[in-house]
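In the UniProt record's numbering, the protein residues as written are 4 to 329. Positions of the beta carbon are idealized from the N, C-alpha and C atoms, including for glycine. Quantities reported herein were computed from a predicted structural model and do not represent experimental measurements. Accompanying notes for the structure given below.
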Ligand code: NDP
């Protein structure tokens with residue numbers, strides 16, 4: 004088995020020297036255990052902040068993967084079946100099954116299994132819960148989403164369009180903006196080249212925003228809050244622009260804006276609705292099958308390129324879901 008180890012806790016933007024590739028012989032699976040082989044691995048933004056809270060130096064990098072069962076002493080996971088594993092950045096893992104979820108039964112042949120890490124997986128669920136549970140988005144409302152061409156943001160925009168909302172998306176390249184237009188976003192702009200964010204937000208929706216699906220944080224939020232309508236709702240999903248900061252967050256938010264506009268802001272983690280995951284994944288899959296939810300993937304080939312794929316994600320190289328094939 005090959006594994007990527009976190010050698011040293013990240014200090015600022017991750018560096019090659021923070022990671023080390025190790026090879027180890029795995030023992031035969033014991034009673035109740037299975038041997039897994041990674042098929043698709045995921046690079047996700049949470050790995051950056053969570054590495055600090057949930058990992059020690061010397062641990063295998065955290066992460067999920069779609070894996071194939073190649074040996075099994077556990078009847079719940081037969082040889083040849085696919086699972087979502089929290090085995091981290093490793094090509095092979097032994098598991099007693101407690102950290103595994105079978106990939107949805109009757110997964111359609113014509114839908115790539117890698118979507119189980121994206122649109123029909125954790126990022127898709129995040130988009131759905133942010134819209135339905137946190138924002139309570141209503142037909143006809145105007146929604147703003149940033150990091151809009153990413154795994155979560157692209158699903159957010161499409162669900163909101165499907166609901167009959169006006170959707171404005173912000174992303175970091177012209178190619179991403181073109182992708183958002185293809186997905187049916189009403190307005191999309193490249194926040195790196197527009198000059199004034201305030202002007203861009205006003206132009207995209209002069210009447211303001213009912214809802215803001217927040218993935219980025221930092222100065223973007225400060226400006227976006229000013230463009231909310233009275234009683235606007237903000238779902239704080241991520242703050243990727245701050246994950247590599249070395250100083251404690253001081254928060255650029257304007258309290259006075261929140262008070263005067265009477266805004267409602269709620270942070271959330273998709274895991275809050277774990278009891279709904281199975282049913283929600285079915286809904287997402289149905290929309291994929293009906294052609295109402297399109298997915299793009301940014302695929303990096305080769306397990307040895309995992310750190311590069313992760314660092315690329317943290318600087319916006321990906322359009323759609325960042326996936327690594329072994
Ligand atoms: P994405 O696929 O959107 O990839 C990350 C994107 O973030 C990049 O492509 C880049 O897009 C943007 N980005 C990177 N660095 C910066 C920066 N310094 N400033 C502004 N934008 C930046 O990732 P996900 O869809 O997986 O995640 C999106 C957000 O949702 C993240 O903040 C993540 O932490 C959060 N999240 C939260 C969950 C929850 O339960 N709360 C669950 C899953 C994700 P661009 O080129 O547009 O800048």
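*Does the separation of the CB atoms of residue 212 and residue 145 fall below 7 angstroms?*
Using a Cβ distance threshold of 7 angstroms, residue 212 and residue 145 count as a contacting pair.
*Using DSSP with H/G/I as helix, E/B as strand and the rest coil, what is residue 59?*
In the structure shown, residue 59 sits in coil (DSSP, three-state: anything other than H, G, I, E or B).
*What residues are listed by DSSP as bridge partners for residue 214?*
146 and 236, per the DSSP bridge assignment.
_Per DSSP, cross-strand counterpart(s) of residue 304_ = According to DSSP, which records beta bridges pairwise, residue 304 is partnered with 328.
*Note down, in chain order, each residue of its chain lying with its Cβ closer than 7 angstroms to the Cβ of residue 322, except the 5 sequence neighbours on either side.*
Excluding residues within five positions, the ones whose Cβ falls inside 7 angstroms are 152, 178, 179, 182, 299 and 301.
*What did DSSP end up calling residue 225 once you bin it into helix, strand or coil?*
Residue state, collapsed to three classes: helix.
*Kindly indicate the opening and closing residues of the alpha helix (DSSP H) around residue 66.*
From DSSP, residue 66 is part of no alpha helix (DSSP H); its letter is neither H nor E.
*asked:* Is any non-hydrogen atom of ligand 1 found closer than 6 angstroms to the C-beta of residue 17, if you look at the structure I gave you?
replied: Not under cutoff, so the answer is no.
*Give the DSSP bridge partners of residue 396, in chain order.*
There is simply no residue 396 to check, as the chain begins at 4 and stops at 329 in what is shown.
*Do you know how far the Cα of residue 319 is from the Cα of residue 121?*
About 16 angstroms.
*The beta strand (DSSP E) with residue 278 in it runs from where to where?*
Taken as a continuous stretch (DSSP letters only), residue 278 belongs to no beta strand (DSSP E), as it is neither H nor E.
*asked:* Using 8 angstroms as the cut-off, can you tell me whether the stretch 40–51 makes contact with the stretch 99–110, which would need three or more C-beta pairs spanning the two stretches below that distance?
replied: Result no; under three Cβ-Cβ pairs closer than 8 angstroms.
*Which of helix, strand or coil does DSSP assign to residue 157?*
Residue 157: helix per DSSP, three-state reduction.
_For ligand 1, I want to know if residue 129 counts as a neighbour, meaning its beta carbon is within less than 6 angstroms of at least one of the ligand's heavy atoms._
Within the chosen limit of 6 angstroms, ligand 1 reaches the beta carbon of residue 129 through at least one heavy atom.
*Taking 6 angstroms as the cut-off, does the CB of residue 316 come closer than this to any heavy atom belonging to ligand 1?*
Residue 316 Cβ: within cutoff of ligand 1.
*Under the three-state DSSP convention, the category residue 258 falls into*: Note: residue 258 maps to helix in three-state DSSP.
_Check whether residue 155 and residue 163 have beta carbons under 7 angstroms apart_ = No; because the gap between Cβ atoms is not below 7 angstroms, this pair is not in contact.
*Is there contact here, the stretch 21–31 with the stretch 6–13, by at least three beta-carbon pairs under 8 angstroms?*
Contact holds between the stretch 21–31 and the stretch 6–13, because three or more Cβ pairs, one in each stretch, are under 8 angstroms apart.
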